[in-house]
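Below is one structure, written out as structure tokens; comments come after it.
In this note's numbering, the protein residues as written are 11 to 186.
Here you go:
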């Protein structure tokens with residue numbers, strides 16, 4: 011599947027570009043995940059590891075994502091959101107999905123830089139991911155969200171996902 015990069019204008023007037031992950035994004039991706047706050051870390055992983063251990067783990071995962079192990083367009087896909095600036099592009103969001111072995115279901119994963127939340131980055135990433143999944147004829151998408159991740163809960167509910175209550179997280183799912 012080929013994905014054509016697309017530009018969006020956010021609620022605050024900032025222009026962003028969403029495009030697939032490239033091998034050359036490795037440094038920016040590692041920096042993006044390394045800069046996440048403790049609050050974001052906990053919301054993403056529901057794990058109380060030390061920040062340094064978490065950063066090490068995320069850097070290793072980011073390296074895997076960009077070294078061809080996760081950039082396997084048959085089973086996973088990553089779309090990155092970048093600010094569009096004349097001088098430099100800045101990575102502000104990562105949206106991914108991981109297909110099951112039958113390519114019928116996909117797990118969704120979204121993270122947006124703290125300074126760019128609630129202005130449309132997550133919506134743009136989610137829209138693009140849902141379009142990709144429909145092209146792939148995936149039947150259902152799901153994600154797990156921390157109960158205290160208000161921004162993500164609001165976003166997912168806006169797109170009509172069903173919710174199941176679990177101990178520390180909600181499971182959201184939607185038929186496509």
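Cβ coordinates follow ideal geometry from the N, Cα and C atoms, glycine included.
Since the structure is predicted, the reported quantities are computational estimates derived from the model, not experimental observations.
Pick from 92, 35, 128: whose alpha carbon is nearest that of residue 21? By 1-based counting over the chain shown, the position of residue 21 is 11. It is 128 whose Cα lies nearest to the Cα of residue 21.
Tell me whether residue 172 sits in a helix, a strand or coil according to DSSP, three-state version. The residue you call residue 172 lines up with position 162 of the chain shown. Reduced to three states, the DSSP call for residue 172 is strand.
Going by DSSP, what residues sit across from residue 120 in a beta bridge? Position 110 of the chain shown holds residue 120. Bridge partners of residue 120: 105.
Beta-carbon contacts of residue 142 that lie in its chain and below 8 Å, excluding the five residues immediately before and after: Here residue 142 refers to the residue found at position 132 of the chain shown. Closer than 8 Å at Cβ, skipping near neighbours: 11, 13, 87, 89, 107.
Roughly how far, in whole angstroms, is the beta-carbon of residue 137 from the beta-carbon of residue 184, given that I think they are within contact range, below 8 Å? Within the chain shown, the letter at position 127 stands for residue 137. Within the chain shown, the letter at position 174 stands for residue 184. With 8 Å as the limit, residue 137 and residue 184 do not qualify as a contact, their Cβ atoms being about 13 Å apart.
In terms of residue numbering, what span does the alpha helix (DSSP H) encompassing residue 135 cover? The residue given as residue 135 occupies position 125 in the chain shown. That run of the alpha helix (DSSP H) goes 131 to 145.
Supposed close pair residue 174, residue 181 - CB separation, criterion 8 Å: Position 164 of the chain shown holds residue 174. Position 171 of the chain shown holds residue 181. Indeed they touch by this definition, with Cβ atoms about 4 Å apart.
Which term fits residue 112, buried or exposed, when burial requires 16 or more other beta carbons within 10 angstroms of its beta carbon? Indexing the chain shown from 1 puts residue 112 at position 102. That one is exposed.
Per DSSP, what kind of secondary structure is residue 47 in: helix, strand or coil? Translated into positions along the chain shown, residue 47 becomes position 37. In the structure shown, residue 47 sits in coil (DSSP, three-state: anything other than H, G, I, E or B).
Using beta-carbon positions only, say whether residue 169 and residue 115 come within less than 8 Å of one another. Your numbering for residue 169 matches position 159 in the chain shown. Your numbering for residue 115 matches position 105 in the chain shown. No, the pair does not count as a contact, with Cβ atoms beyond the cut-off.
Looking at the unbroken beta strand (DSSP E) that takes in residue 15, where does it start and where does it end? Locating residue 15 in the chain shown gives position 5, counting from the first residue. Note, residue 15: premise wrong, no beta strand (DSSP E); not H, not E.
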